[in-house]
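Input: a single structure, listed below in structure tokens.
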Amino acid sequence: MTTQASLPPETPQTSDARVVHVLEFPGGYTRSTGPVIGRFLTGLRSGRLFGVRMPDGRVLVPPTEYDPQTAAALGAADEDWVQVGPAGTVTTWTWVDDPRPDHPLDRPFAWALIRPDGADTALLHAVDSGSKAAMATGMRVHPTWRAERTGAVKDIACFAPGEGPAEVPALAPAGVPTPVDGPASDGEAELEPVSMVTLPHRLEYRLRGGTVWNHFIDGMAVGQIRGTRCAKCGKVFVPPRGACPGDGVPATEWVDLPDTGVLTTFAVNNVPAAGAPEVPFISGYVLLDGADVAMLALVSDVPWQEVRIGMRVRGVWVPDAERTRSVKNLKWFAPTGEPDIPFEQFEEYV
Amino acid sequence: MGNRCAVIGVGQTKYRTKRADVSLAGMVREAALEALADAGLTFADIDSVVVGKAPDMFEGVATPELYLADALGAVGKPMMRVHTAGSVGGSTALVGASQVQAGLHERVLVVAFEKQSESNATWALSTHSPFSASLVVGAGGYFAPYIRAYIRRSGAPANIGMMVAVKDRINALRNPYAHLKIPNIDLAMVEESMMLWDPIRYLETCPSSDGAVAMVLASEQAAEAAGAATGRPPAWVHGAAMRSEPMGMAGRDSVDPRAGRDCAADVYRQAGVTEPRRQFAAAEVYVPFSWYEPMWLENLGFAEKGSGWKLTEAGATAFDGDIPWNPSGGVLSSNPIGASGMIRFAEAAQQVRGQAGEHQVAAAVDGSRLALGHAYGGGSQFFAMWAVGARKP
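These protein sequences, in sequence, are chains R and Y.
Sequential numbering from 1 applies to the first sequence in UniProt numbering.
Sequential numbering from 1 applies to the second sequence in UniProt numbering.
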């Protein structure tokens with residue numbers, strides 16, 4: 001048995017602190033359920049637990065699409081489906097003292113493996129027992145069904161101690177009561193079987209820039225672009241690298257670079273995206289004077305039709321008063337008006 | 001190169017925008033069952049399973065190999081996942097082949113897949129760190145500057161990319177598995193399509209597909225037995241290699257990467273290829289944006305540097321040309337990203353097995369010439385290739 005530790009407190013945001021980085025796709029990702037998982041989820045929506053019978057007679061809950069032993073397809077015939085539970089037996093469990101925001105209960109609870117009556121395997125769910133002392137392997141539990149059922153495992157709010165009764169409330173918002181062992185209610189019958197679910201897609205990280213990046217950003221805060229030089233090949237990297245990708249040795253010598261260079265190549269972007277500039281925008285590779293790798297940058301202050309490979313460009317910065325500790329101080333690169341550089345002179349940097 | 005290895009079974013799903021009727025596991029299993037049927041085998045005959053897909057963010061399923069073990073009959077067997085970005089289909093095949101070449105296993109099932117409709121690959125490719133500006137939108141945004149540099153460097157006429165886009169879509173009409181079927185495609189239609197990431201137009205871009213591909217790879221003894229039982233000949237691996245290189249290396253040629261040249265040179269050395277254009281009967285090459293055909297023609301040694309576009313322009317890479325590239329329709333016609341590399345490898349095998357159906361290149365089956373399968377991934381950083389033939393190496 002384990003006890004879940006509390007999360008560490010939030011680190012205060014300072015200039016050198018970890019940066020919260022959230023990757024979240026709006027609306028979430030979908031999952032096509034396929035017929036077997038779809039039938040199980042459709043059952044949950046109607047307030048019933050179903051298992052699938054394997055060729056050896058055992059009943060799997062939740063069902064799997066394929067026999068874990070023989071890889072044979074399961075659940076093709078109606079008679080392969082068995083209604084189980086609703087009550088069941090806890091086969092093992094762990095206690096959660098401090099529930100997280102996305103846990104099913106906002107008070108201490110148990111995660112348990114519960115084998116519904118008539119099933120040969122157990123499903124994972126929360127047990128609302130009130131206290132750790134009330135939990136025991138072998139205890140009897142029954143589901144607490146939600147009214148707002150969508151065809152998801154969360155249609156069961158949690159399990160509660162005892163045999164029940166496991167009442168199934170009418171499907172919200174406009175359903176009629178569903179008898180546990182009876183046919184589906186009229187409201188349920190009008191719904192299509194579940195074939196697709198949508199799940200949130202979100203990852204949250206706390207990132208540190210690291211020594212090299214922080215020194216680069218300190219430079220950007222005062223309008224100075226800084227690169228690093230490899231001690232072996234002498235190449236200058238910007239944005240800086242802590243190690244030379246070619247030689248695998250530290251690149252620890254700092255080099256101040258001008259904000260002028262040549263545009264080695266570019267794309268005219270007409271595909272809009274959240275976080276990206278308004279289309280059309282030019283993303284290009286600028287080889288700063290004195291650098292050995294071209295850096296990806298925005299090119300602006302010029303009609304897109306007039307942007308050229310070989311164009312001389314200079315950085316355009318936010319006004320001094322608006323500077324922050326950010327790469328965004330350098331807004332974009334704009335043409336200097338100097339003559340273009342012949343392609344052959346920088347071709348190796350493309 | 002170790003022991004001999006051959007492809008004895010190939011299976012593909014039909015590539016579609018959305019396969020809402022099956023789960024990810026069900027889709028992958030379709031390809032696996034078709035490959036097993038082609039080889040005259042069942043899951044019980046398989047010693048090891050190797051799966052590949054693009055980054056987890058493309059579907060949001062972490063460690064899918066664990067979830068797929070039931071569907072692929074892998075319970076109780078070695079199972080692993082390979083991960084080399086867009087080239088992963090190719091490297092998955094090569095990891096499976098190496099298990100046979102090393103003498104570890106007699107029959108290995110390799111499977112690659114992507115169910116892109118469940119997610120958003122452009123978003124998944126554009127998750128910039130908070131330390132950098134958000135200036136690249138999707139793979140097209142990344143590769144467009146390199147295509148522009150290639151055009152500048154080679155002096156290629158502007159219509160070369162459009163010619164590839166038309167050619168591969170016409171080829172796809174002969175391939176029952178292909179996703180895009182555009183019967184009336186022509187240069188004007190491509191030219192009129194929207195410019196997405198100048199110089200890449202909409203119709204010069206690969207689609208986003210759901211689909212899976214599988215192959216059964218076998219030892220010499222197992223391959224001979226399968227060939228005798230099914231009447232379908234094996235495709236023998238004559239050469240196989242992988243290479244990689246870092247993205248931000250000073251002096252790196254992102255248009256004509258050294259890793260690609262080195263990988264091809266290794267494969268050609270193993271297979272005895274000194275004149276690729278003459279010794280290959282067909283090539284299935286990873287071309288997700290049309291201009292990558294002339295770029296890879298040079299990188300893979302089919303043409304001198306700066307002149308790849310001349311082969312495309314002359315029709316040499318067309319279905320009836322002297323060196324057909326992507327007779328299946330290629331990535332431009334079907335693109336379940338993680339599977340796209342293995343589809344190239346599998347289509348090359350089908351060509352030398354004489355199993356390519358309506359898009360069979362006649363010259364590929366007499367055994368005197370080989371077929372090339374190629375994949376690349378990341379920022380042109382990962383390369384995987386093999387050369388296969390109807391005769392034993």
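All C-beta atoms in this analysis are idealised placements derived from N, C-alpha and C, irrespective of residue type, glycine included.
Because the structure is a prediction, the values reported are computed rather than measured.
Chain-ordered neighbours of Trp213 (chain R) on chain Y, where CB pairs are closer than 9 Å: Phe131
Pro62 (chain R), buried or exposed, once every other Cβ within 10 Å from all chains shown has been counted against 16: buried
Member of R:Pro55, R:Asp340, R:Val316 and R:Ser131 whose CA lies at the smallest distance from the CA of Arg107 (chain R): R:Ser131
Runs of beta strand (DSSP E) lying entirely within the stretch 263 to 313 of chain Y, each at least 3 residues, in chain order: 280 to 284
Closer than 8 Å to chain R by CB, Arg148 (chain Y): yes
Interface positions of the stretch 90 to 120 of chain Y facing chain R (Cβ-Cβ less than 7 Å), listed along the chain: So the close ones are Glu118, Ser119 and Asn120.
Chain R contacts made by the stretch 171 to 203 of chain Y, where a contact means CB separation under 9 Å: Met194, Met195, Leu196, Trp197, Asp198, Pro199 and Ile200
Interface flag, Gln47 (chain Y) vs chain R, CB-CB below 8 Å: A small fix is needed here, since residue 47 (chain Y) is Asp in this sequence, not Gln. Output row for Asp47 (chain Y): interface = no.
Among R:Trp81, R:Pro169, R:Ile156 and R:Arg325, nearest to Gly223 (chain R) - alpha-carbon criterion: R:Arg325
CB contact flag (residue 396 (chain Y), His374 (chain Y), <8 Å): Only positions 1 to 393 of chain Y appear in the structure, and residue 396 (chain Y) is not among them; the question remains open.
Rounded separation between Val51 (chain Y) and Ile341 (chain R) - CA only: Rounded to whole angstroms, Val51 (chain Y) to Ile341 (chain R) spans 48 Å at the Cα level.
is_contact[Asp292 (chain R), chain Y] using C-beta, thresh 8 Å: yes
Residues that Cys233 (chain R) contacts on chain Y, provided the C-beta gap is smaller than 9 Å: Ala250 and Gly251
Buried or exposed (CB count within 10 angstroms, at least 16 for buried), Val166 (chain Y): buried
Under 7 Å from the C-beta of Arg152 (chain Y): neighbouring residues of chain R: Ile309 and Phe343
Where Asp70 (chain Y) meets chain R, residues with beta-carbon distance less than 8 Å: Per Cβ cutoff of 8 Å: Thr64, Glu65, Tyr66, Asp67, Pro68 and Ala71.
Beta-carbon neighbours of Thr127 (chain Y), restricted to chain R and to distances below 8 Å: Leu23
Through-space distance from Ala160 (chain R) to Ala133 (chain R), alpha-carbon basis: 14 Å
Proximity test, Cβ basis, 8 Å: Arg19 (chain Y) and chain R: yes
Buried versus exposed call for Ala188 (chain Y) [16 or more other C-beta atoms within 10 Å across all chains shown]: exposed
Ala276 (chain R) vs Gly284 (chain R) beta-carbon contact at 8 Å: no
Below-8 Å beta-carbon distance, Trp296 (chain Y) vs any chain R residue: no
Cβ-Cβ distance between Pro199 (chain Y) and Arg152 (chain Y) below 8 Å: no
Inter-stretch contact at 8 Å, needing at least 3 Cβ pairs: the stretch 49 to 56 of chain R / the stretch 77 to 93 of chain R: Output reads yes: the stretch 77 to 93 of chain R touches the stretch 49 to 56 of chain R.
Beta-carbon neighbours of Pro303 (chain R), restricted to chain Y and to distances below 9 Å: Those within 9 Å of Pro303 (chain R) in chain Y number zero; the least Cβ separation is about 13 Å.
Nearest-angstrom Cβ-Cβ length linking Ala250 (chain Y) and Cys233 (chain R), presumed shorter than 8 Å: 7 Å
Interface flag, Phe383 (chain Y) vs chain R, CB-CB below 8 Å: no
Ala39 (chain Y) (DSSP reduced to helix, strand or coil): helix
Gly357 (chain Y): contacting residues in chain R (beta-carbon distance under 7 Å): Neighbours of Gly357 (chain Y) on chain R: none; closest Cβ ~27 Å, over 7 Å.
Cβ neighbours of Glu106 (chain Y) in the same chain (closer than 8 Å, five flanking residues each side left out): Asp47, Val100, Ala218, Ser219, Gln221 and Ala222
Alpha carbon of Met196 (chain R) to alpha carbon of Thr33 (chain R), nearest angstrom: 5 Å
Contact check, Ala102 (chain Y) vs Gly2 (chain Y), beta carbons under 8 Å: yes
DSSP state of Ile309 (chain R) mapped onto helix, strand, coil: coil
Collapsed DSSP secondary structure at Asn171 (chain Y) in the structure displayed: helix
Contact list for the stretch 31 to 42 of chain R against chain Y, Cβ threshold 7 Å: Answer in chain order: Arg31, Ser32, Thr33, Gly34 and Ile37.
Contacting residues, own chain, Cβ-Cβ under 8 Å from Ala243 (chain R) (five flanking each side not counted): Val249, Pro250 and Ala251
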